[in-house]
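A.B. asks:
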Amino acid sequence: MSAGSLSHDDPFQQLLSRCRRQLLQHALLTGAAGILTLVLLFVLTAGTLDYLLNLPPVVRAVLAGGGLAATCWGTWRLLIYPLIQTIPEDQVGAAVDVAFPQLQESAATLASVEQSGISDDEAGSALMRRRVREHLYGMIERIDIGRIVNSRQRTYRMATATAVVAVSCFVWLLWPSGCRLLLQRLVTPFANHASATNLFFEVADADRTVARGSNVTISAVPKWRSGTPGRRPELVQLQLVSATGTEMQSMAFDETAGCFVGQIPRISQSLQYRIRGGGAETQTFSVTVCDAPEIRSALMIATPPEYTGQAVRRFDGMIGEMEVFETSSVEMQLTFAQPVQSAELVWLRRDRRPLNETELFDRKFDHVTGEEIVEEDPMAELSELTAVAEPLTDRVPGRLGSDGMSAEFLLTADVGGDFAFDVQDVHGLMNPPEPERRIQVVYDQKPELIITGVRDGDRFRPDDILPVNCVVTDDVGLGLLELRYRLNEDDAVIEQSPGALGVTRFESPFRIALEDLGAQAGDTVTLQVRVTDERPVPGPHEVRSDLIRILIDNDADAVGARELEEQTKAMVDALKTLEEQLRHDADQSQELRNQTNREWNEEAREQAQRLSEKQQQQGRLLEQLAEEVRTHPLMRESAEQLSEVSDDVRTDIAESLQQAATDDRRAAADKLEDSVSQLQQAARTLRDEIEKIETAARLEQELTELNRLALDSEKLAADARELEADRTDPQRRPEELSPQEWNQQLQDRRHELTDQRQELNSDLNRLLQEQNELLDAARRSQREQLAELAEEIRRLAEQQERVAQGVQSEAEEAARDVRQSARMLEEARRAAEQLNQRLDEQKSDLPRQDLEKLRRAAESLQQGDLAEPQSAVQDAAEAAQQVARGTEVADADNNRSPAGPTEQSEPGNAPAAENGPQARYEQPAQNEQQDPNEQQDPNGGQD
Numbered sequence: 007m008s009a010g011s012l013s014h015d016d017p018f019q020q021l022l023s024r025c026r027r028q029l030l031q032h033a034l035l036t037g038a039a040g041i042l043t044l045v046l047l048f049v050l051t052a053g054t055l056d057y058l059l060n061l062p063p064v065v066r067a068v069l070a071g072g073g074l075a076a077t078c079w080g081t082w083r084l085l086i087y088p089l090i091q092t093i094p095e096d097q098v099g100a101a102v103d104v105a106f107p108q109l110q111e112s113a114a115t116l117a118s119v120e121q122s123g124i125s126d127d128e129a130g131s132a133l134m135r136r137r138v139r140e141h142l143y144g145m146i147e148r149i150d151i152g153r154i155v156n157s158r159q160r161t162y163r164m165a166t167a168t169a170v171v172a173v174s175c176f177v178w179l180l181w182p183s184g185c186r187l188l189l190q191r192l193v194t195p196f197a198n199h200a201s202a203t204n205l206f207f208e209v210a211d212a213d214r215t216v217a218r219g220s221n222v223t224i225s226a227v228p229k230w231r232s233g234t235p236g237r238r239p240e241l242v243q244l245q246l247v248s249a250t251g252t253e254m255q256s257m258a259f260d261e262t263a264g265c266f267v268g269q270i271p272r273i274s275q276s277l278q279y280r281i282r283g284g285g286a287e288t289q290t291f292s293v294t295v296c297d298a299p300e301i302r303s304a305l306m307i308a309t310p311p312e313y314t315g316q317a318v319r320r321f322d323g324m325i326g327e328m329e330v331f332e333t334s335s336v337e338m339q340l341t342f343a344q345p346v347q348s349a350e351l352v353w354l355r356r357d358r359r360p361l362n363e364t365e366l367f368d369r370k371f372d373h374v375t376g377e378e379i380v381e382e383d384p385m386a387e388l389s390e391l392t393a394v395a396e397p398l399t400d401r402v403p404g405r406l407g408s409d410g411m412s413a414e415f416l417l418t419a420d421v422g423g424d425f426a427f428d429v430q431d432v433h434g435l436m437n438p439p440e441p442e443r444r445i446q447v448v449y450d451q452k453p454e455l456i457i458t459g460v461r462d463g464d465r466f467r468p469d470d471i472l473p474v475n476c477v478v479t480d481d482v483g484l485g486l487l488e489l490r491y492r493l494n495e496d497d498a499v500i501e502q503s504p505g506a507l508g509v510t511r512f513e514s515p516f517r518i519a520l521e522d523l524g525a526q527a528g529d530t531v532t533l534q535v536r537v538t539d540e541r542p543v544p545g546p547h548e549v550r551s552d553l554i555r556i557l558i559d560n561d562a563d564a565v566g567a568r569e570l571e572e573q574t575k576a577m578v579d580a581l582k583t584l585e586e587q588l589r590h591d592a593d594q595s596q597e598l599r600n601q602t603n604r605e606w607n608e609e610a611r612e613q614a615q616r617l618s619e620k621q622q623q624q625g626r627l628l629e630q631l632a633e634e635v636r637t638h639p640l641m642r643e644s645a646e647q648l649s650e651v652s653d654d655v656r657t658d659i660a661e662s663l664q665q666a667a668t669d670d671r672r673a674a675a676d677k678l679e680d681s682v683s684q685l686q687q688a689a690r691t692l693r694d695e696i697e698k699i700e701t702a703a704r705l706e707q708e709l710t711e712l713n714r715l716a717l718d719s720e721k722l723a724a725d726a727r728e729l730e731a732d733r734t735d736p737q738r739r740p741e742e743l744s745p746q747e748w749n750q751q752l753q754d755r756r757h758e759l760t761d762q763r764q765e766l767n768s769d770l771n772r773l774l775q776e777q778n779e780l781l782d783a784a785r786r787s788q789r790e791q792l793a794e795l796a797e798e799i800r801r802l803a804e805q806q807e808r809v810a811q812g813v814q815s816e817a818e819e820a821a822r823d824v825r826q827s828a829r830m831l832e833e834a835r836r837a838a839e840q841l842n843q844r845l846d847e848q849k850s851d852l853p854r855q856d857l858e859k860l861r862r863a864a865e866s867l868q869q870g871d872l873a874e875p876q877s878a879v880q881d882a883a884e885a886a887q888q889v890a891r892g893t894e895v896a897d898a899d900n901n902r903s904p905a906g907p908t909e910q911s912e913p914g915n916a917p918a919a920e921n922g923p924q925a926r927y928e929q930p931a932q933n934e935q936q937d938p939n940e941q942q943d944p945n946g947g948q949d
């Protein structure tokens with residue numbers, strides 16, 4: 007029987023298969039345990055050597071190679087070879103017989119005779135094989151397969167491997183970072199690694215790219231891998247390796263930052279560096295040097311809104327403060343020296359948004375500190391109806407060009423502030439610091455409205471004319487100016503002023519005839535002025551004046567009387583207060599004078615010094631009051647006196663007190679004595695001028711009736727112009743009226759204007775007859791004008807003389823002077839002509855200017871003759887001075903004797919020449935007085 011007769015289901019064959027698997031499993035476990043033990047022991051040994059000796063890369067490479075070879079050999083010998091080797095069945099049977107002696111070598115015998123290829127002679131008789139098989143089959147159930155291998159060897163190897171693994175895990179858990187580094191140094195010996203020591207240096211931003219020429223700071227923080235701080239190394243060095251060589255420099259320890267710091271100033275080339283100290287060494291780091299991105303050019307183009315009419319503004323370089331108008335379209339263009347990756351506009355500080363009218367009204371302030379009260383409730387939820395301002399953007403990204411060499415920013419000028427550009431390239435480098443840049447947004451301001459002529463609570467007569475004088479200004483352009491008024495509770499009347507559109511300053515005198523409104527005593531007229539500008543978005547600014555309520559009273563004072571009274575009272579009160587201060591200072595100066603009899607110490611000198619400084623301040627205040635007094639025509643002489651007192655107080659008296667503070671006791675006494683008398687005299691002069699000012703103020707209060715006459719004359723002139731336009735323009739005739747009816751209506755209106763003019767003239771003559779001071783003021787003003795004209799002619803004569811003397815030596819310069827003199831002579835001729843007209847109007851007996859001489863003198867100058875013009879100019883100067891002296895004599899005579907009825911009734915002597923508040927009201931009345939002779943011709947159209 008051959009071996010092929012045994013099937014896979016044969017119990018003996020199954021026994022052999024189980025034994026073979028047991029042997030393979032034994033070889034696998036023992037081989038793996040051996041290999042693991044070998045590898046871990048090698049790693050632990052190599053790591054220990056590297057930790058203790060800090061092995062160089064070559065040695066680590068040799069160790070790694072030897073360990074790899076040993077591992078490969080052990081894997082082949084202990085694992086691969088036993089697993090791939092085929093064990094014959096007879097050897098398996100022999101192993102079974104060895105493990106189980108009771109089988110009496112039946113397993114090996116049966117396995118041998120059952121092999122294929124054995125002859126019957128070698129296999130023996132069939133009876134023998136059957137008995138061996140029966141004997142073996144009877145023993146198979148009692149065979150323990152595990153006993154065929156050496157379990158002690160497997161246990162030993164596995165225990166050894168387990169111990170080595172346990173030690174390795176313990177070391178790893180105790181020092182994970184160090185073990186990881188040691189393993190890396192062993193596996194990759196030639197890689198860039200730090201030394202495997204407990205001390206190591208943590209370098210912030212170790213590998214970096216920096217800008218050329220910048221200062222590089224390297225900071226290294228000492229740390230310990232065990233987690234327990236050790237002794238800080240005393241010497242730490244920075245090794246720099248560049249193309250030019252190696253350099254070592256010491257690193258200083260920064261106690262505040264807790265790190266070692268090294269500096270590389272103005273770096274110009276790329277380099278590598280390591281940090282060494284305390285036995286530890288970092289890996290090699292690199293510093294790459296590149297050119298930083300640079301802004302080559304910057305341009306901002308601001309396009310203002312169309313309604314402003316402003317031109318487009320360009321800001322080359324964008325340096326410093328740049329003013330742009332509100333809501334302007336702003337375009338910024340940047341070009342760079344090299345391609346960049348990103349460009350952003352960064353707002354360093356933003357201005358606050360301007361408050362709207364509601365926010366301004368709702369602001370609350372502390373009544374003690376004056377600070378604004380801001381109420382914040384972090385738990386309050388935002389209502390959908392609450393208007394929340396859009397948050398201001400901190401960074402605005404720019405739009406880069408395709409090549410990265412340019413960037414563009416598009417903004418709307420809503421809120422200004424300080425800004426800068428952050429430009430970054432592919433290496434992460436930023437542009438160097440740029441110059442300061444700031445956008446100052448100029449906001450469209452509200453129009454400013456000033457109303458004069460009327461005030462809330464003023465009283466007017468039923469036949470008065472309300473003067474609503476409006477002065478409106480705007481920074482860009484006005485849009486609308488209108489006056490709304492109503493009588494009592496009637497419907498409001500809206501009157502718009504034409505010509506305000508688009509201008510920045512506009513003056514509009516609204517006039518309301520109360521008689522046309524039908525106002526009666528006890529009625530109330532309510533006024534309000536409304537003005538807007540041209541801002542389209544979010545809408546025009548609107549300014550409304552406060553409601554002005556006018557009371558109708560038959561016994562009301564003249565227009566402006568109340569305002570004039572309040573201004574005068576404030577001015578007089580200030581002068582009285584200053585007078586009291588001067589008297590008090592005189593007493594204090596007298597006390598200092600008396601003190602000099604005893605001692606003149608430092609304290610007294612300081613008092614004199616303070617008193618001197620006080621006089622300087624009071625002198626300046628008195629000069630301001632003198633300027634205010636000078637605005638009143640009837641107080642000009644008092645204003646001149648006040649100016650003189652002001653000069654004395656702030657110069658003479660102050661200097662006396664200043665010298666007293668520095669002189670010795672005897673000299674100081676004299677100076678103080680002088681200051682006492684000067685202060686007393688200044689106080690007395692001030693008291694006298696205050697009385698004169700009060701007298702003139704009462705006169706001015708009475709002369710406010712001129713305001714009413716002026717308003718009546720304005721209305722009369724406007725009606726006359728309208729009548730003239732209706733008469734000369736046929737298109738203005740209403741269609742429902744025939745030409746005869748229209749002419750009759752024009753005639754009626756002309757007669758009505760004539761009556762009003764005569765009434766106005768009679769009122770003016772009555773006022774002039776009652777107030778002679780008004781005529782005196784007019785004469786004084788005329789005398790001043792004549793004196794100025796004489797001085798001008800005198801200067802002209804002197805210039806002509808200089809020209810005549812320098813003709814031969816300086817011909818070209820003389821020619822220029824001649825032309826200038828000719829022009830001035832022509833102006834003098836026109837002034838003399840006006841003077842002759844005034845003398846003719848006043849029917850004065852003073853000599854007239856010879857206009858023919860002045861005309862011939864001008865022609866001679868133009869022809870180059872200098873002798874004749876000089877004599878003509880001298881004659882004119884003497885004539886002007888004679889007129890001025892004659893005017894002064896006539897004025898003195900008028901002051902000695904009252905003016906006759908004829909003089910007082912002459913409206914030509916009205917305050918036409920005054921420069922005060924009533925001066926501009928005389929001219930219309932004067933024109934009206936000339937009209938009766940001109941109206942004799944009904945078709946003359948002079949009404």
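Residue numbers (the working numbering): 7 to 949. Backbone N, C-alpha and C fix where the C-beta goes; we use that ideal spot for every residue, glycine too. Source: prediction; values computed, not measured.
(1) Would you mind reading off the limits of the alpha helix (DSSP H) that contains Ile-273?
(2) Measure the CB-CB distance between Leu-30 and Leu-89 and report whether it falls below 8 Å.
(3) Under the three-state reduction of DSSP, which class applies to Glu-571: helix, strand or coil?
(4) Straight-line CA distance for Phe-291 to Gln-278?
(5) Can you tell which of Glu-697, Pro-542, Thr-637, Ala-217 has the C-alpha that lies nearest to the C-alpha of Pro-310?
(6) Report buried or exposed for Cys-25, applying the criterion of at least 16 other Cβ atoms within 10 angstroms of its Cβ.
(7) Straight-line CA distance for Val-578 to Ile-699?
(8) Cβ atoms of Ala-298 and Val-204: under 8 Å apart, would you say?
(9) Going by beta carbon distance, what residues of the same chain come within less than 6 Å of Asp-480, once the five residues before and after it are set aside?
(10) I'd like the list of long-range same chain contacts for Phe-259, defined as Cβ closer than 6 Å, with 5 residues on each side in sequence excluded.
(11) In the structure shown, what three-state DSSP assignment does Tyr-449 receive?
(12) When the Cα atoms are used, what is the spatial distance from Val-421 to Ser-551?
(13) Helix, strand or coil: how does DSSP classify Asp-322 here?
(14) I need the straight-line Cα distance from Leu-222 to Arg-186, nearest angstrom please.
(15) Whose C-beta lies closer than 6 Å to the C-beta of Gly-505 among residues of the same chain, with five residues either side of it excluded?
(16) If we count Cβ pairs, one from each stretch, closer than 8 Å, do we get three or more for the stretch 632–644 versus the stretch 656–675?
(17) Buried or exposed: which applies to Asp-591, given that a residue is buried once 16 or more other Cβ atoms fall within 10 Å of its Cβ?
(18) Measuring only the C-alpha atoms, how far is Glu-337 from Ala-212?
(19) Please list the terminal residues of the continuous beta strand (DSSP E) segment that includes Ala-519.
(20) State buried or exposed for Phe-342, treating a residue as buried only when at least 16 other CB atoms are found within 10 Å of its CB.
(21) Would you tell me roughly how many angstroms separate the C-alpha atoms of Leu-722 and Tyr-313, rounded to the nearest one?
(22) Would you call Lys-677 buried or exposed, if buried means 16 or more other Cβ atoms sit within 10 Å of its Cβ?
(23) Going by C-alpha distance, which of Gln-245, Gly-233, Leu-729, Lys-229 is nearest Pro-239?
(24) Pull up the distance between the alpha-carbon of Thr-333 and that of Leu-486, whole angstroms please.
(25) Which full runs of the alpha helix (DSSP H) of 4+ residues lie inside the stretch 658–725, going along the chain?
(26) Measure the alpha-carbon distance for Ala-527 versus Glu-742 and round it to whole angstroms.
(27) Could you give the distance in angstroms between the alpha-carbon of Thr-602 and the alpha-carbon of Val-477?
(28) With a 10 Å radius around its C-beta and 16 neighbouring C-beta atoms as the bar for buried, classify Gly-219 as buried or exposed.
(29) Would DSSP call Arg-26 helix, strand or coil?
(30) Taking the alpha-carbon of Glu-488 as reference, which of Ile-471, Asp-496, Phe-512 has the nearest alpha-carbon?
(31) Kindly give me the distance between the Cβ atoms of Arg-492 and Thr-532, rounded to whole angstroms, as I take these residues to be in contact under 8 Å.
(32) Are there 16 or more other CB atoms within 10 angstroms of the CB of Tyr-87, so buried, or fewer, so exposed?
(33) How many Å lie between Gln-664 and Lys-582 at the Cα?
(34) Can we say the stretch 553–560 touches the stretch 462–471, given the rule of at least three CB pairs closer than 8 Å?
C.D. replies: Straight from the coordinates:
(1) Looking at the DSSP string, Ile-273 is not in any alpha helix (DSSP H), and its letter there is neither H nor E.
(2) yes
(3) Helix, per DSSP.
(4) Their backbone Cα atoms lie some 5 Å apart in a straight line.
(5) Ranking the options by Cα distance to Pro-310, first place goes to Pro-542.
(6) Around the beta carbon of Cys-25, 16 or more other beta carbons lie within 10 angstroms, which makes this residue buried.
(7) 8 Å
(8) At residue 204 the sequence reads Asn, which differs from the Val that was named. For Asn-204 and Ala-298, no; Cβs fall outside 8 Å.
(9) Pro-453, Thr-510, Asp-539
(10) Phe-266
(11) Coil, per DSSP.
(12) Just so you know, the alpha carbons of Val-421 and Ser-551 end up roughly 29 Å apart.
(13) For Asp-322, the secondary structure class from DSSP, reduced to helix, strand or coil, is strand.
(14) A quick correction: the sequence has Val, not Leu, at residue 222. For Val-222 and Arg-186, the distance between alpha carbons rounds to 31 Å.
(15) Cβ within range, chain order: n/a, list empty.
(16) no
(17) buried
(18) 40 Å
(19) 511–519
(20) By the neighbour-count criterion, in which 16 or more other beta carbons inside 10 Å mark a residue as buried, Phe-342 falls on the buried side.
(21) 39 Å
(22) buried
(23) Lys-229
(24) 22 Å
(25) As far as the stretch 658–725 is concerned, its whole alpha helix (DSSP H) runs of at least 4 residues are 660–668, 671–709.
(26) 37 Å
(27) Going by the C-alpha atoms only, they are around 59 Å apart.
(28) exposed
(29) helix
(30) Phe-512
(31) Indeed, because the Cβ distance is near 6 Å, the residues count as touching under 8 Å.
(32) Exposed, by the Cβ-count rule.
(33) 26 Å
(34) Touching, yes, given that three or more Cβ pairs across the two stretches are closer than 8 Å.
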